[in-house]
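Q:
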Amino acid sequence: MSRTAKIDISVTDLTIDGARVERHASDTASAVDADDVLARLQAFAAIPSVRLVDHTPRMRLEYHGTVIIVSRSAQNLLYVRVPEASHTAEQGTPESILTFLLDNPPPAATPETTSETPPPVEPVPAQANKAKKQLVFLGALLAVLAVLLFLRLRQTVPEGWTMISDPSEISTLHRELNGLYGDGVEIGSVLFELNDGIMLIQLVTDDPGHLDVLSETTYRYAKRDTTVMVLTKNDTGYTITGDGALSIDGQVYSRLME
1 MSRTAKIDIS
11 VTDLTIDGAR
21 VERHASDTAS
31 AVDADDVLAR
41 LQAFAAIPSV
51 RLVDHTPRMR
61 LEYHGTVIIV
71 SRSAQNLLYV
81 RVPEASHTAE
91 QGTPESILTF
101 LLDNPPPAAT
111 PETTSETPPP
121 VEPVPAQANK
131 AKKQLVFLGA
141 LLAVLAVLLF
151 LRLRQTVPEG
161 WTMISDPSEI
171 STLHRELNGL
181 YGDGVEIGSV
191 LFELNDGIML
201 IQLVTDDPGH
211 LDVLSETTYR
221 YAKRDTTVMV
231 LTKNDTGYTI
241 TGDGALSIDG
251 QVYSRLME
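Under UniProt numbering, residues 1 to 258 are what the sequence shown spells out, in order.
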């Protein structure tokens, strides 16, 4: 790998050093040394996965006509050669991605012919892996829908609960509890978002930065003894634990971000 190579960089939803996700950010840098590009890729790979929720950070690298787009999955870097529609995204390390960029010049142009080239046939193992991934995702989705159906059938407010009606107390609770809760950000994970009386239940997909909204409802606050409860429109109760997590039926969803 040439240490003297000069590479052009552009970023979206990401700072130019690759170290921080930033919504609507965009920047460019020209003739960057290969070692500097490697450091930026390493910084991009080190961003905590929870910071990627609802963001799609991308880094575009160009060297002697070869262009690749680098993005993030929950735990890994992904890269794809441009044009993206003609190539498959691959998982890589910062080192392997930089090596690929420097060692793979663009293909030479070929004369046009009148015969049509048939589309490439996807290898059978790739088709099998895609089908397996779809089944796993479908299974996770069905499990989530079953939980939602169970919650929808839950009945009225339990005895011993006191509704909170004071506007100032409700406003304070909104400020303290608004945020995203979940047990992880891997594909198939369920996330709960509280936002000023609106609850979104969302599913992490294999599209980085995209969440499928499974349910949207309103909620109020109540107290059971001294414990604050979140009570949805269909009278499903969630407990706010002592460390600020969201709990229901023994399942605890930690607060991921405010």
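Using N, Cα and C, we set each Cβ at its ideal position, and we do this for glycine too. Just so you know, these numbers come straight off a predicted model, no measurement behind them.
Is it buried or exposed for G242, if we count other Cβ within 10 angstroms and need 16 for buried?
A: If you number the sequence shown from 1, residue 242 lands on position 242. Classification for G242: exposed.
Q: Hey, could you find the ends of the beta strand (DSSP E) Q75 is sitting in?
A: Position 75 of the sequence shown, counted from the start, is the residue given in the question as residue 75. Here Q75 belongs to no beta strand (DSSP E), and DSSP marks it neither H nor E.
Q: V185 by DSSP, collapsed to three states: which one?
A: Counting from 1 along the sequence shown, the entry for residue 185 is found at position 185. Note: V185 maps to coil in three-state DSSP.
Q: Give the single residue among L138, G250, T88 and A245 whose Cα lies nearest to the Cα of I187.
A: As a first step, residue 187 is located in the sequence shown; it is residue number 187 there, counting from the start. Looking at the Cα atoms, L138 is the closest of the given residues.
Q: Looking at the unbroken alpha helix (DSSP H) that takes in A45, where does it start and where does it end?
A: The residue you call residue 45 lines up with position 45 of the sequence shown. Counting along the chain, the alpha helix (DSSP H) containing A45 begins and ends at A34 to A45.
Q: Tell me which residue opens and which closes the beta strand (DSSP E) that S171 is part of.
A: Taking the sequence shown and counting its residues from 1, the one referred to as residue 171 is at position 171. It is not in any beta strand (DSSP E) - S171 instead sits in the alpha helix (DSSP H) that spans P167 to L177.
Q: Grab me the residues of R58's own chain with a C-beta within less than 8 Å of its C-beta, minus the 5 sequence neighbours each way, in chain order.
A: For this step, residue 58 is matched to residue 58 along the sequence shown. Closer than 8 Å at Cβ, skipping near neighbours: V11, T12, D13, L14, I69, V70 and S71.
Q: Using the three-state DSSP reduction, which class does Q155 fall into: helix, strand or coil?
A: Residue 155 sits at position 155 when you count from the first residue of the sequence shown. Any reading at Q155 must be qualified, since the residue scores a pLDDT of 44, below 50, and its modelled position is unreliable; no value is offered.
Q: Counting C-beta neighbours from all protein chains within 10 Å, is the total for P94 16 or more, i.e. buried, or is it exposed?
A: Along the sequence shown, read from residue 1 onward, the residue named residue 94 stands at position 94. Flag for P94 reads buried.
Q: Could you say which of Q42, G237, G182 and L256 lies nearest to G92 if we only look at CA atoms?
A: As a working mapping, residue 92 is identified with position 92 in the sequence shown. Here the closest residue by C-alpha is Q42.
Q: Going by the DSSP bridge assignment, what does E193 pair with across the sheet?
A: As a working note, residue 193 is residue 193 in the sequence shown. According to DSSP, E193 bridges with L180 and L200.
Q: For L256, which option in S49, F44 and E62 has the closest C-alpha, if you only look at C-alpha atoms?
A: Counting from one through the sequence shown, the residue named residue 256 turns up at place 256. Taking only the C-alpha atoms, the option nearest L256 is S49.
Q: According to DSSP, is I240 helix, strand or coil?
A: Indexing the sequence shown from 1 puts residue 240 at position 240. Note: I240 maps to strand in three-state DSSP.
Q: Hey, out of T28, T56 and L200, whose CA is closest to P208's CA?
A: By 1-based counting over the sequence shown, the position of residue 208 is 208. Checking every option, the nearest Cα to that of P208 belongs to T56.
Q: Distance check for Q251 and N104, CA to CA, integer angstroms please.
A: Locating residue 104 in the sequence shown gives position 104, counting from the first residue. Locating residue 251 in the sequence shown gives position 251, counting from the first residue. Cα to Cα, the separation comes out at about 49 Å.
Q: Helix, strand or coil for I97, going by three-state DSSP, please let me know.
A: In the sequence shown, residue 97 corresponds to position 97, counting from 1. In the structure shown, I97 sits in a helix (DSSP, three-state: H, G or I).
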